[in-house]
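Structure, as structure tokens:
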Amino acid sequence: MIEPLETPLEPQSELRDLLEAAPDAMVVVNDAGTIVLTNSQAELLFQYQPGELEGQQIEVLVPERHRHRHDGHRHGYGRNPRTRRMGSGLELHGRRSDGSEFPVEISLSPIETERGTLVCSAIRDISDRKLVEDELRGLREAAEADRARLAEAQRLAHVGSFEIDLVTGERWWSDEYWRLLGLDKALSPSRELLLSTIHADDLAETQAIWQRVDGGESVDGVTFRIVRPTGEVRWTRSRMRVEADEHGKPVKIVGTTMDVTKLHDAMARQREAEINFSLSFEHSHVGLAMADLDGRLTRINSAVCSILARSESEILGKRMLDFVSPGERGDEDLMARLISNHGRNRTCSATTERALVTPHGDVVWAQETISLVRNEQGEPSHFFLQLQDVSDRKQAEDALIHQATHDPLTGLGNRAFLSEKIDQVLAHRTADRVSVLFVDVNKFKVINDARGHAAGDALLVQIADRLRSAVRPTDTLARFGGDEFVIVCEDITPENAERLAGRIVDATRAPFDLEGQQVYVTLSVGVVMAEAGDDAETLLRKSDVAMYQAKERDRTHVAVFDHQMQALASSRLETESQLGGALERDELRLVYQPIVDVHTEKTIGFEALVRWQHPSRGLLAPAEFMSIAEETGMILAIGEWVLREALMQLQLWRMDVPGARDLFVAVNLSARQVQDPEFPAAVARTLAQTRVEPTALHLELTESMVMSRSDVAVQNVTALRELGVRVSLDDFGTGYSSLSYLHQIPAHTVKIDRSFVAAIGEDNASATSIIGAIVGLGRALELDVVGEGVETPQQVEELRRLGVRYAQGYLWSPPIAPAVAQEWIREKAARNSPSV
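Put into structure tokens, the structure is as follows:
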């Protein structure tokens, strides 16, 4: 630092020597701001050659952005020159010859000379000091951030901390500690203040603990309650550690206190839940058990002992599979799959049914629900099992399934049973050793019409008995429907199949006794041998073609299918080609059959039925063309037309006919429609176009549609129900899937098949029982029940007695044209309206 000179310093050499002796960079400027003298430290600091700075303006050493302000400072200093010492806070930026900048600290001293006042500047590079200052500032900010994070962490974790200096007696409590105690930070921390917050029941124990700590003992995990000034009680857990100096003398106590109220409450709830679980487990009427990952039972309740008819000691340590009937092992890998799937976000529970055997040999059917329990790490820990005795239900299901898969008249398997049987045989036998015989009763309709349905049924029963006696023990005999029977033969040659067909024809040569009168009946038999690629439908179609060929043969009445039988196929092809343009030619018609309330005779709706006004064959029933439409896919376009036409007609009736406002229309669906993913959207679109509310549309599907692709069908039917459309199961009781799938189908209505209704009054107790069972099932599932094919007052009276509310049939009206239906509605509305 150059001190101000009291006397003028004239010789420049003396000043230069003085500047060179200075440790800092020295720069002398005149009142014009021109550098008149520098020392070597300045030249080195600013990176100039010796003498290069002299004669240049002082601003050359200042960054350009600061030069204007510096010039103002310089002129201000010239008007009032005074000494400014180093460290007085004058910090600027210097500029080297290469343009680089660096922080500097400057002191200023005026020098009086004969030629005026010079200003001597001592300049010091403070880059290193700035780095140190920045580092210290960063450390301070980091420490502040750490303290803030610690305080936030304590707040979030509800953990307060405290320190006691045993030497000075000074105490410190963290912000969270004050908050936890519920005290005002303006108070002074003290032992007495802390003890004043302790719950009265915990005070003595807490004081004893502090005495141990005062004696130099660290304490870990002390739980006690504190009472806040508001009266709120909180559970806390504290840890206290005593620190000692190098001589072992305690000098400080540090500790933490955590609010564990939620944990305490959770543990209390857990203890209560465990007690409740234990009580529920032991006293449950459902069998409950726990098993290790090997499936061995580790804990069971008394209900399990009751189901297995064994003591606890006889069951523990064994697996449920040890009690399963050898022929009913079920899913043996179920537990292993649950373990393997647990890490794939899949459901870790499954339900199966097993046939369990008691020590006495009795079979108990049990529904077993297995759930995989995970530990805290999410890994498999053990299994939880639930057992329910479902023996009664299984027996009822077996009986109902038998009814659903067998013809109630003859006791033979029905069409659904037959299809499944053929597929089973084809799957386990060589195709060329399987034969299907299609049997038809010739002119059965003549007998049925002449002698009545009861006589016709009696004839069918006798024919079934003779067929049973004619077939081999390994053959399967089924009633295909009406007057048609089918025989499925395994391990048979073509020659033996044809011989069997001859025996069947011969079996009916003897007369049948019908109400004391002899009746002669002949049979026509179509025979087909299975070929590679054939399925049940193909074999039935081929045997049916052969059977129609057999009808044309007067003597043998037996025909074996060959690929030359194209007459029927040609006719079918012609029908198919003409059906393709029926919509465009406006040849399709809708007729409507009323659905009535059997108690009030009030018409509640109509079933829409399609007909084909063929240009040469006349009005064709659905049986003559709908199967073709179904197989070719034309059914989708026809079905959409039927739906739109029926809804438009309903809307016209509602607008034009009094009493039609509350009517609904029922439309039959095809299998393709039910399986079409776009069908629900098409229904919604048609409803919107016709402005008919969804509840006024009833869509009817058969059980076989669900049986073929139940997953797709159920999804579509569910979507229709969510739309508001009502769903009916048609021909209920004749399909294989009625009971096994009914609980999955979101239906509103079941329609009893006309075959059961037709059997009423014909001493057929089985049909009446089935109708009663269907009504009971509908009532249990909250479904409406409709009887189809009602033709006699006796039938409707029996339906009323059995609890059937709605019905349709020729007793009231055959399917009628829209105009006739309109008059029907008008007439019924007038008849049911109150007289004035």
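Numbering (our numbering), first residue to last: 564 to 1399. Where a beta carbon is used, it is the ideal one built from N, C-alpha and C, also for glycine. Predicted model, so just to flag it, every value in this text is computed and none were measured.
Burial state of residue i, where buried means 16 or more other Cβ atoms lie within 10 Å
i: TRP1375; result: buried
i: ARG917; result: buried
i: ASP747; result: exposed
i: ALA1380; result: exposed
i: ASN1279; result: buried
i: GLY732; result: exposed
i: PRO1309; result: exposed
i: HIS638; result: exposed
i: GLN1112; result: buried
i: ARG1042; result: buried
i: VAL997; result: buried
i: ILE838; result: exposed
i: PRO1240; result: exposed
i: SER1106; result: buried
i: ALA1021; result: buried
Beta-carbon proximity list for residue i, same chain, < 7 Å, skipping 5 on both sides
i: ARG658; result: LEU624, VAL625, PRO626, GLU664
i: SER1271; result: Summary for SER1271: the model assigns pLDDT 46, below 50, so the residue's position carries little reliability, and this model does not support an answer.
i: ASP594; result: GLY641, GLY679, THR680
i: ARG1224; result: ARG1217
i: PHE1242; result: GLN1236, ASN1279
i: LEU568; result: In this prediction, LEU568 has a pLDDT of 41, which is less than 50 and means its spatial position is unreliable; what the coordinates show is noted afterwards. Cβ within range, chain order: ILE674, GLU675.
i: GLU1193; result: SER1233, ALA1234, ARG1235
i: ILE761; result: THR769, PHE787, ILE789
i: ASP986; result: ASP1098, ALA1099
i: GLU1351; result: LYS1314, ILE1315, ASP1316, ARG1317, VAL1320, GLN1371, GLY1372
For residue j and residue i, believed in contact at Cβ under 8 Å, the rounded distance
i: ALA1384; j: PHE1169; result: 6 Å
i: HIS923; j: ALA866; result: Between ALA866 and HIS923 the Cβ distance is about 19 Å, and since that is not below 8 Å, they are no contact.
i: PRO644; j: PRO673; result: 4 Å
i: VAL1288; j: LEU1260; result: 5 Å
i: PRO1250; j: VAL1290; result: Correcting the residue identity first, residue 1250 is Leu in this sequence and not Pro. In fact, because the Cβ distance is near 14 Å, the residues do not count as touching under 8 Å.
i: PHE946; j: SER954; result: With a Cβ gap of about 24 Å, PHE946 and SER954 do not count as contacting.
i: LEU1344; j: THR1312; result: In fact, because the Cβ distance is near 11 Å, the residues do not count as touching under 8 Å.
i: VAL1349; j: ILE1158; result: 7 Å
i: THR1071; j: GLU1053; result: About 24 Å separates the two Cβ atoms, so there is no contact after all.
i: LEU851; j: GLN949; result: 6 Å
i: GLU1061; j: VAL1121; result: 7 Å
Cut-off 6 Å between Cβ atoms - residues of its own chain near residue i, not counting five sequence neighbours on either side
i: ARG687; result: ASP587, GLU668
i: GLN1156; result: GLU1170, GLN1371, PRO1378
i: PHE725; result: TRP736, TYR740, GLY818
i: GLY880; result: ARG859
i: THR786; result: ARG800
i: THR601; result: VAL590, LEU616
i: LEU581; result: none
i: VAL1399; result: Confidence in VAL1399 is poor, its pLDDT being 38 and thus under 50, which makes the residue's placement unreliable; the coordinate value appears in the next sentence. Excluding sequence neighbours, VAL1399 sits near nothing in its chain.
i: ALA1382; result: none
i: ARG862; result: MET853
Cβ-based neighbour list, residue i, same chain, cut-off 8 Å, excluding 5 preceding and 5 following
i: ALA1336; result: LEU963, GLN966
i: PHE609; result: ALA588, LEU616, LEU624, GLY657, ARG658, ARG659, SER660
i: GLN1081; result: PRO1074, PHE1075
i: SER603; result: GLU583, PRO613
i: VAL920; result: PHE886, VAL887, SER888, VAL926, VAL927
i: ARG882; result: ALA854, ASP857, GLY858, ARG859, LEU860
i: LEU1146; result: ALA1200, ILE1201, TRP1204
i: THR1281; result: PRO1309
i: LEU757; result: LEU744
Beta carbon proximity, residue i to chain D, threshold 8 Å
i: ASP697; result: Here there is only one protein chain, and chain D is not present.
Meets three-Cβ-pair contact criterion under 8 Å: the region 954 to 969 and the region 1029 to 1038: no
Stretch pair the region 977 to 987 + the region 1048 to 1060: three plus CB contacts closer than 8 Å: yes
Start-end ranges of the alpha helix (DSSP H) lying completely within the region 1225 to 1290, minimum 4 residues: 1234 to 1237, 1242 to 1253, 1266 to 1271, 1273 to 1286
Three-pair Cβ contact test at 8 Å for the region 772 to 785 versus the region 803 to 814: yes
In chain order, each beta strand (DSSP E) run of at least 3 residues that lies wholly inside the region 1109 to 1182: 1121 to 1123, 1151 to 1160, 1166 to 1177
contact_flag[the region 1064 to 1073, the region 1082 to 1093] where n(CB pairs < 8 Å) is 3 or more: yes
Touching by the beta-carbon criterion (3+ pairs, under 8 Å), the region 817 to 834 and the region 842 to 854: no
Segments assigned alpha helix (DSSP H), at least 4 residues, entirely inside the region 952 to 1024: 954 to 968, 978 to 991, 1007 to 1014
Segments assigned alpha helix (DSSP H), at least 4 residues, entirely inside the region 577 to 624: 603 to 609
Validate contact between the region 1199 to 1212 and the region 1236 to 1246 using beta carbons, cut 8 Å, 3 pairs: yes
Touch test, the region 1310 to 1326 against the region 1349 to 1366, Cβ-Cβ under 8 Å, three pairs minimum: yes
3 or more residues per run - each beta strand (DSSP E) lying fully within the region 808 to 846: 813 to 822
Contained alpha helix (DSSP H) runs [length at least 4] in the region 730 to 770, N- to C-terminal order: 738 to 744, 754 to 758
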